[in-house]
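Sequence lines, in order, name chains A and B. Going by the working numbering, the first sequence opens with residue 1, and the numbers climb by one from there. Going by the working numbering, the second sequence opens with residue 1, and the numbers climb by one from there. From the three backbone atoms N, C-alpha and C, an ideal C-beta is built for every residue, glycine too.
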Amino acid sequence: MYHYNDFDRDFLANRNAQFRAQVNRRIDGSLTEDEFKPLRLMNGLYLQLHAYMLRVAIPYGTLSSAQMRQLAMIGDRWDRGYGHFTTRQNIQYNWPKLKDVPDMLDALAEVGMHAIQTSGNTIRNVTADHFAGAAADEIADPRPVAELIRQWSTDHPEFQFLPRKFKIAVTGSPNDRAVTKAHDIGLRMVRNDAGEGGYEVIVGGGLGRTPMIGKVIRDFLPREDLLPYLEAIVSVYNLLGRRDNKYKARIKITVHENGIDTIRDKVEAKFAELKPLFSGVDQQMLREIEGHFAAPEFRTASTEAFDDAYAADPVFRAWCDTNLSDHRADGYAIVSVSLKKHGATPGDATGDQMRTLADLAEAFGHDELRISHEQNVILPHVHKSDLPALHRALKAAELATANIGLISDIIACPGMDYCALATARSIPVAQEIAERFEELKLEHEIGPLKIKISGCINACGHHHVGHIGILGLDRAGVENYQITLGGNHTEDAVIGERAGPGFAYDEVTDAIERIIRAYLDVRESPEEEFLDTFRRVGTEPFKAALYPKETVDA
Amino acid sequence: MPRAFTPKVITANALLEGDVVYLTKDDLWTRDLSEAELLTDEAHADIRLLDAEKRGNEVVGVYLADMTAGPDGPEPTHFREDFRRTGPSNYFHGKQEVRG
Ligand code: SF4
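Right under this line is the structure:
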């Protein structure tokens, strides 16, 4: 865990004091909304449909127990007793009052957190693999580098007014769990022929109105070149990016319009200029940061208690089978705690649940928690012998849903229930689909399947890369949902294909069920996952199931 | 033929609370859509909007929202305005909660 030093603390205290004064001046009438809006956005404060919303960054998705407890306290004291975890590893509070926000920010600063650059045309919260530091397949923990990028990009004078927002994601594993190919810059740690670790640098990915899979700009970047190289990319974009048209301002369009080769040449030229200016201070800082992220002292203990419980208790077994992932240390497991209880709002946790998770991380998880872009909470380091007790405690807090990676583990953005930009709702669609498949008792039979739902073309719910994607639109004043098939968010990222005409709000769940029934029909065996079946058979059987009449007509 | 004017109300979010408010005939901000002034004349609506926009120390994001006349006052013609006057659909929070 990174711990703030005096510089960080002073910086944040000053910034918060400044914003407190700005809020006061807005309230007493000396600032107009036009003047205040950019200031509040720089500090993560939005105005949504029903209220203000405060978006707080959880850098690279990592939290300590103390931070999680503070997030719970903030939700209880100044919000409605809960928080919403987002696909960019942020937490959003949906009901703050303007005058309380400075106090909320001070409370965040107490635990080394902030809401800076969670909005605006700046470099946003740097996200990372939620299994960082724990995954069995990891080359190196990506978080020290993510923290270095956070420090470099926070308040970076050159990058406060980019053509558009800018998102960076990092993974330390060849298996991409951080959706790096859908970010403005994605960094994937790889090894070169000599066996050294470095970065594959991906640029120009992004979902939204014009979805693009990122392109490799450098297939191997030595670790020590990272910051000058990133600075080169962002400054090339800062000059070249279009400021005339909001919809063409993201770097994905810059790369698309100029071509990756031109961009690469410009970046390499800029990099050659910048590299000598980086005197190595960044590497010194990185080494210091790395010290903060030293692995916990894993213990060696018998896993007998785990084996016994696994054999004896079918509920525990089912939970283990879906919610655990391989840990790099012997006898340990990575636990994914589902925030997708059937019928619940994806990504929401109550204050009590957050406190329970904090307590459990303290008792069983070396004091660490992660927030995944899939809107779940991860306890990255749990010894297997502690799993039975952990599971009992999670059950008591309604946090033991055994559905990670299954059809009810849905990503859903806030949609029109909260978001001012939405064209339709997403939360109730997710709720209904989850409940339907729970009723049908089909989800374990269906196996791994990712449904992702966005309430508008901005695609915060990553619908383009869902195995099944759902996009809520406003068609002549009525909610209408477009379905895409075959998307993939991993290192083999693919944008899903539109299935055909959209469905009305009350038809979506039936449509999804028809897709699933078609899949169960055509899959070769229960081992053939949805995405593999889709790759083998294409869209046809699903289209036939979705639009039966048209198929007959054809 | 001039296009028929869709009746409107003036709406915004309150500066301090952030919640949805509507302008009444008496120039007060109400939380309840049924108390809002329904504007049926385009020229009048534009003037009311200009005046409301001057009240930036009370509200944020003033605009005209389409409505129809219902038995209990203005009724939204679009689902977005229906959510704004009610609150989110996943929790009983917002206006629906206050109304009971
Ligand atoms: S996808 Fe659209 S509706 Fe959903 S959170 Fe993003 S901007 Fe809002």
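Just verifying my parser: in three-state terms, what is the DSSP assignment at residue i?
| i | result |
| --- | --- |
| Arg523 of chain A | coil |
| Ala504 of chain A | strand |
| Lys215 of chain A | strand |
| Thr350 of chain A | strand |
| Thr551 of chain A | With a pLDDT of 48 at Thr551 of chain A, under the threshold of 50, the modelled position of this residue cannot be trusted; read the value that follows with caution. If DSSP states are grouped into helix, strand and coil, Thr551 of chain A belongs with the helices. |
| Lys441 of chain A | coil |
| Val75 of chain B | According to the sequence as given, residue 75 of chain B is Glu; it is not Val. Residue state, collapsed to three classes: strand. |
| Tyr91 of chain B | coil |
| Pro276 of chain A | helix |
| Trp29 of chain B | strand |
| Ser336 of chain A | strand |
| Asp282 of chain A | helix |
| Asp184 of chain A | coil |
| Val23 of chain A | helix |
| Val179 of chain A | coil |
| Gly112 of chain A | coil |
Give a yes or no on whether 8 Å exceeds the smallest Cβ distance from residue i to chain B.
| i | result |
| --- | --- |
| Trp319 of chain A | no |
| Arg20 of chain A | no |
| Trp78 of chain A | no |
| Asp553 of chain A | With a pLDDT of 48 at Asp553 of chain A, under the threshold of 50, the modelled position of this residue cannot be trusted; read the value that follows with caution. No - not a single Cβ of chain B is within 8 Å of the one on Asp553 of chain A. |
| Pro428 of chain A | yes |
| Ala51 of chain A | yes |
| Glu110 of chain A | no |
| Met42 of chain A | no |
| Gly477 of chain A | yes |
| Gln431 of chain A | yes |
| Met104 of chain A | no |
| Leu98 of chain A | yes |
| Gly502 of chain A | no |
| Asp557 of chain A | Nothing about residue 557 of chain A can be read from this structure; chain A reaches only from 1 to 554. |
| Glu33 of chain A | yes |
| Leu394 of chain A | no |
Taking Cβ positions only, does residue i come closer than 8 Å to chain A?
| i | result |
| --- | --- |
| Leu49 of chain B | no |
| Val60 of chain B | yes |
| Pro7 of chain B | no |
| Ser89 of chain B | yes |
| Ala33 of chain B | Note that residue 33 of chain B corresponds to Leu in the displayed sequence, not to Ala. Chain A, which has no Cβ nearer than 8 Å to the Cβ of Leu33 of chain B, makes this no. |
| Leu15 of chain B | yes |
| Phe92 of chain B | no |
| Gly56 of chain B | yes |
| Gly18 of chain B | yes |
| Arg80 of chain B | yes |
| Arg84 of chain B | yes |
| Tyr63 of chain B | no |
Is it the case that the Cβ atoms of residue i and residue j are separated by a distance below 8 Å?
| i | j | result |
| --- | --- | --- |
| Ala232 of chain A | Gly241 of chain A | no |
| Ser426 of chain A | Lys340 of chain A | no |
| Val236 of chain A | His489 of chain A | no |
| Trp319 of chain A | Leu227 of chain A | no |
| Asp82 of chain B | Lys8 of chain B | no |
| Leu260 of chain A | Thr210 of chain A | Looking at the sequence itself, residue 260 of chain A is Ile, so the reference to Leu does not match. Not in contact: Ile260 of chain A and Thr210 of chain A (Cβ atoms no closer than 8 Å). |
| Asp19 of chain B | His50 of chain A | yes |
| Gly120 of chain A | Leu41 of chain A | yes |
| His383 of chain A | Gly466 of chain A | no |
| Leu357 of chain A | Leu369 of chain A | yes |
| Gly486 of chain A | Gly472 of chain A | no |
| Ile123 of chain A | Phe159 of chain A | yes |
| Ile139 of chain A | Arg223 of chain A | no |
| Gly461 of chain A | Thr484 of chain A | no |
| Asn258 of chain A | Thr322 of chain A | no |
| Thr86 of chain B | Gly94 of chain B | yes |
With a threshold of 7 Å, establish whether the CB of residue i neighbours any heavy atom of the ligand GTP.
| i | result |
| --- | --- |
| Ser89 of chain B | Absence of the ligand GTP is noted for the structure shown, with the ligand SF4 being the only ligands found. |
Legend entry - Segment contact, 8 Å Cβ cut-off, at least three pairs: the segment 327-347 of chain A with the segment 403-422 of chain A: Flag = yes, the segment 327-347 of chain A and the segment 403-422 of chain A touch.
Inset, instruction - State whether the segment 157-171 of chain A contacts the segment 179-194 of chain A, with contact taken as three or more CB pairs (one from each stretch) at a distance under 8 Å. - result: yes
Inset, instruction - For the segment 15-26 of chain A and the segment 75-94 of chain A, state whether three or more C-beta atom pairs, one from each stretch, are separated by less than 8 Å. - result: In this structure the segment 15-26 of chain A does not touch the segment 75-94 of chain A; the number of beta carbon pairs closer than 8 Å is below three.
Inset, instruction - Flag this pair as touching only if the segment 368-376 of chain A and the segment 332-339 of chain A have three or more C-beta atom pairs under 8 Å; answer yes or no. - result: Cβ pair count under 8 Å is three or more, so yes.
Inset, instruction - State whether the segment 498-508 of chain A contacts the segment 440-447 of chain A, with contact taken as three or more CB pairs (one from each stretch) at a distance under 8 Å. - result: no
Inset, instruction - Evaluate the contact criterion for the segment 128-144 of chain A versus the segment 96-112 of chain A: three or more CB pairs, one atom per stretch, below 8 Å. - result: Taking a cut-off of 8 Å on C-beta distances, the segment 128-144 of chain A does not touch the segment 96-112 of chain A, as fewer than three cross pairs fall below it.
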